[in-house]
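S.K.:
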Amino acid sequence: MQLARKLLYGGITILLVAGALSLATSLHASAYEPGVLDELSSVEVPPAKLEPCLHCHIQGEHTNLWTPTARWLVFGTLGLVFLFGFWQSASIWTQRKPFKPLTTRVADWIEERYQIAKPLNEMLKKPVPSFARWWWYCLGGITFFLFIVQGTTGILLAFYYKPTAEAAYASIQFIENEVYFGAAIRAIHHWSANGMIVMAVAHMIRVFIMGAYKPPREMNWASGVILLVLTLAFGFTGYLLPWDQRAFWASTVGTEIAGAVPAVGTLVLIFLRDGWGVTEATLGRFFGLHVLVIPIATVVFMLMHFMMIRRLGVKRPL
Amino acid sequence: MKDRSSHEILPDDKPVPFFPDHLMTEFWVAMGFLGLAVIIGAIGMFHHIGLEDPADPLNTPLHVKPEWYFLFLYQLLKVVPDYVFFGQIEGRVFITVAVIVALMAWMIFPFFDKKEDTKRAWWIRAALSALALIAIIALTVWGEVS
Chain Y
1 MQLARKLLYG GITILLVAGA LSLATSLHAS AYEPGVLDEL SSVEVPPAKL EPCLHCHIQG
61 EHTNLWTPTA RWLVFGTLGL VFLFGFWQSA SIWTQRKPFK PLTTRVADWI EERYQIAKPL
121 NEMLKKPVPS FARWWWYCLG GITFFLFIVQ GTTGILLAFY YKPTAEAAYA SIQFIENEVY
181 FGAAIRAIHH WSANGMIVMA VAHMIRVFIM GAYKPPREMN WASGVILLVL TLAFGFTGYL
241 LPWDQRAFWA STVGTEIAGA VPAVGTLVLI FLRDGWGVTE ATLGRFFGLH VLVIPIATVV
301 FMLMHFMMIR RLGVKRPL
Chain C
1001 MKDRSSHEIL PDDKPVPFFP DHLMTEFWVA MGFLGLAVII GAIGMFHHIG LEDPADPLNT
1061 PLHVKPEWYF LFLYQLLKVV PDYVFFGQIE GRVFITVAVI VALMAWMIFP FFDKKEDTKR
1121 AWWIRAALSA LALIAIIALT VWGEVS
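Chains as they are written, first to last, in the working numbering: chain Y, 1 to 318; chain C, 1001 to 1146.
1) Mind reading off the beta-carbon distance from Leu318(Y) to Trp1122(C)? Whole number of angstroms is fine, and I expect it under 8 Å.
2) With 8 Å set as the bound, which would you pick, yes or no: does the beta-carbon of Val1093(C) sit closer than that to a beta-carbon of chain Y?
3) At a Cβ threshold of 8 Å, is Met308(Y) touching chain C?
4) Reducing DSSP to helix, strand and coil, say where Glu111(Y) ends up.
5) For a test of the three-state rule: what should DSSP assign to Asp1056(C), helix, strand or coil?
6) Indicate whether at least one CB of chain C lies closer than 8 Å to the CB of Pro215(Y).
7) I want to verify the contact list: residues of chain Y whose CB lies under 9 Å from the CB of Val1029(C), in sequence order.
8) Say whether chain C places a C-beta atom closer than 8 Å to the C-beta of Arg273(Y).
9) Going by Cα to Cα distance, which pick from Val314(Y), Asp244(Y) and Ala297(Y) is closest to Asp1056(C)?
10) Chain Y beta carbons: is any one of them nearer than 8 Å to that of Leu1077(C)?
11) Using a Cβ-Cβ distance under 8 Å, would Gly1087(C) count as near chain Y?
12) Are the region 1019 to 1039 of chain C and the region 1104 to 1115 of chain C touching, with three or more C-beta to C-beta distances below 8 Å?
13) On a Cα-Cα basis, can you pick out the residue from Phe271(Y), Glu218(Y), Phe287(Y) and Val198(Y) that is closest to Phe1070(C)?
14) By a C-beta neighbour count over all protein chains shown, 10 Å radius and 16 as the cutoff for buried, is Phe220(Y) buried or exposed?
15) Helix, strand or coil, according to DSSP, for Pro1110(C) in the structure here?
16) Determine the chain D residues that contact Val179(Y) at a beta-carbon separation under 8 Å, and present them in chain order.
17) How many angstroms separate the CA atom of Ser171(Y) from the CA atom of Asn177(Y)?
18) Give me the Cβ distance between Lys125(Y) and Phe1019(C), rounded to the nearest whole Å; I'm assuming they're in contact under 8 Å.
19) Within 8 Å (strictly less), CB to CB, does Ile294(Y) reach chain C?
20) Looking only at its own chain, which residues have a Cβ that is under 6 Å from the Cβ of Arg246(Y), when we skip the five neighbours before and after it?
21) So the candidates are Gly275(Y), Ala250(Y) and Phe236(Y); which of them puts its Cα closest to the Cα of His290(Y)?
22) Indicate the three-state DSSP secondary structure (helix, strand or coil) for Pro68(Y) in the structure shown.
23) My guess is that Leu230(Y) and Phe301(Y) are in contact by the Cβ rule of under 8 Å, so how many angstroms apart are they, rounded?
24) Determine the closest residue to Phe1046(C) out of Gln150(Y), Ala18(Y), Ile185(Y) and Leu156(Y), with distance taken between C-alpha atoms.
25) Have a look at Thr1096(C) and Ala258(Y) and give me their C-alpha separation to the nearest angstrom.
26) Just to make sure I have the definition right: I need the residues of chain Y whose C-beta is within less than 8 Å of the C-beta of Trp1106(C). Which are they?
27) Is Val1084(C) helix, strand or coil by DSSP?
28) Do Gly76(Y) and Ile14(Y) count as a contact pair if the criterion is CB distance below 8 Å?
29) Hey, Ala18(Y) and Trp72(Y): beta-carbon distance below 8 Å or not?
30) Suppose you measure from the CA of Leu283(Y) to the CA of Trp1068(C); what does that come to, to the nearest Å?
31) Please classify Ser89(Y) as buried or exposed, where buried requires at least 16 other C-beta atoms within 10 Å of its C-beta.
32) Identify whether Ile1009(C) lies in helix, strand or coil by the three-state DSSP scheme.
33) Anyone know if the C-beta pair for Thr143(Y) and Ala200(Y) falls short of 8 Å?
34) Quick check: the Cα distance between Tyr213(Y) and Tyr1083(C), rounded to an integer number of angstroms?
35) With a threshold of 16 other CB atoms inside 10 Å of the CB of Gly1087(C), please say whether the residue is buried or exposed.
36) With a threshold of 16 other CB atoms inside 10 Å of the CB of Leu324(Y), please say whether the residue is buried or exposed.
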């Protein structure tokens, strides 16, 4: 049907409906004329003038036909426009493309740009032997998880820690007493560090006993030992950071022992202490090692460690 | 060689997909440790890790002890005689160098252990681990009480 014809029929419909309804309401309005309801005196009915119908304001003061006609025309047209819009929307809705959930659309968007689905799927669906789900194969994974905990809590602590001789001690006090959950974060960092060493050693003993270090997994073992040394280095450098008596003297003695190595000892000692004695420079050096150098090295060796074990698979137990 | 090909998964391994089966196992273990961390944090709110007195380079404390995981090495350094090998080498230097050499050997020994694994070797390694662990724990406890 042409639009003009549609509009014509629509207009006629509006006129007819509006006329009929106006007529009906006008006639009905006469029931609200004063005096009509007064006769029903036994019933408590509010006076019509004071309690008008709020929907159409038919109070009896406009008894002519044109007020309701104009009202019905305006609102009727608006209603028809609304119905027309609803109808159009509904017909577009029925002709829509097949529905795709938001997740699918996001996945499609990513796939269109990165083409990652196939390798990712291969990676995720890689078969793992059932025996690899025994708890003793989880020790390495726990170590990794604790490393993530350490990274997270370490970042939170680094927001407030100040690696200078004057401020370090006070900043730890500030973390413990003033910062929201600062004491909790420090406790988690402290105990996860110990847990990480325990888990790493347990993982190493498990691998050693089960003979999983044998070829072709020697490089896994070598990188694992390096990771253990890095974990211990984390502990050693982190121990100085509170800058209290225990920290200061443990680091003094520890670096002294490193200095006892023939030939390279003195160089190592000067490198670690950044000078001859344990000073603020040492604190800065240990801080840099603890939050930048050792974490980056650990992540690099962890990546190698994980990539190799993904390729080679967990060793089948005897 | 059975061991070298062990990355090929056999039907009697009853393979499961890495995701979700294997990853979910790891995930729940991690969640358990996360719960543990939360508990530790909650306790840590009331029992602070705390600090000793501020560092004072002029005031050496009577007992200097490293963290527990270095304690066995520290104890080894403490109990070694001043001079070993007929007074030729300083004891501390010997222990330090020996530990570094042992660590390096420990790192590269798989490159020389290419034999097929056996049940017997398994038990020998387990016994060696137990012995080493007992020795380390004994040294640590000794260091802790001394």
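Note that CB positions come from ideal geometry on N, CA and C, so glycine has one too.
Given the structure is predicted, the values throughout are model-derived calculations rather than measurements.
M.R.: Based on what the coordinates show:
1) Cβ atoms of Leu318(Y) and Trp1122(C) come within 8 Å of each other, at about 6 Å.
2) Judged by the 8 Å Cβ criterion, Val1093(C) is in contact with chain Y.
3) Contacts with chain C at 8 Å (Cβ-Cβ) do not include Met308(Y).
4) Helix.
5) Taken through DSSP and simplified to helix, strand or coil, Asp1056(C) comes out as coil.
6) By this cut-off, Pro215(Y) is an interface position.
7) The answer, in chain order, is Trp135, Cys138, Gly141, Ile142 and Phe145.
8) Taking 8 Å as the CB threshold, Arg273(Y) stays off the interface with chain C.
9) Looking at the Cα atoms, Asp244(Y) is the closest of the given residues.
10) Chain Y, which has a Cβ nearer than 8 Å to the Cβ of Leu1077(C), makes this yes.
11) No, Gly1087(C) does not count as interfacial toward chain Y.
12) Segments in contact, no.
13) Closest in C-alpha terms to Phe1070(C), from the list Phe271(Y), Glu218(Y), Phe287(Y) and Val198(Y), comes Val198(Y).
14) It is worth fixing the name first, because residue 220(Y) is Asn in this sequence and not Phe. It counts as buried.
15) Helix at Pro1110(C).
16) The structure shown contains no chain D; its protein chains are Y and C.
17) Going from the Cα of Ser171(Y) to the Cα of Asn177(Y) covers about 10 Å.
18) 7 Å between Cβ atoms; contact.
19) Cβ-Cβ to chain C under 8 Å: no for Ile294(Y).
20) Excluding positions up to five away in sequence, the list is empty.
21) Among Gly275(Y), Ala250(Y) and Phe236(Y), the Cα nearest to that of His290(Y) belongs to Phe236(Y).
22) Looking at Pro68(Y) - three-state DSSP - the assignment turns out to be helix.
23) So it is a contact: roughly 7 Å between Cβ atoms.
24) The shortest C-alpha separation from Phe1046(C) is found at Ile185(Y).
25) Distance between the alpha carbons of Thr1096(C) and Ala258(Y) is about 8 Å.
26) Correct list: Val225.
27) In this structure, Val1084(C) counts as strand in the three-state DSSP scheme.
28) The criterion of a C-beta distance shorter than 8 Å is satisfied by Ile14(Y) and Gly76(Y).
29) Closer than 8 Å, so yes.
30) Cα to Cα, Leu283(Y) sits roughly 21 Å from Trp1068(C).
31) Exposed, since its Cβ has fewer than 16 Cβ neighbours within 10 Å.
32) Reduced to three states, the DSSP call for Ile1009(C) is coil.
33) Yes, they are a contact pair.
34) The straight-line gap from Cα to Cα measures roughly 37 Å.
35) With fewer than 16 other Cβ atoms within 10 Å, it is exposed.
36) This structure cannot settle anything about residue 324(Y), because the visible part of chain Y is limited to 1 through 318.
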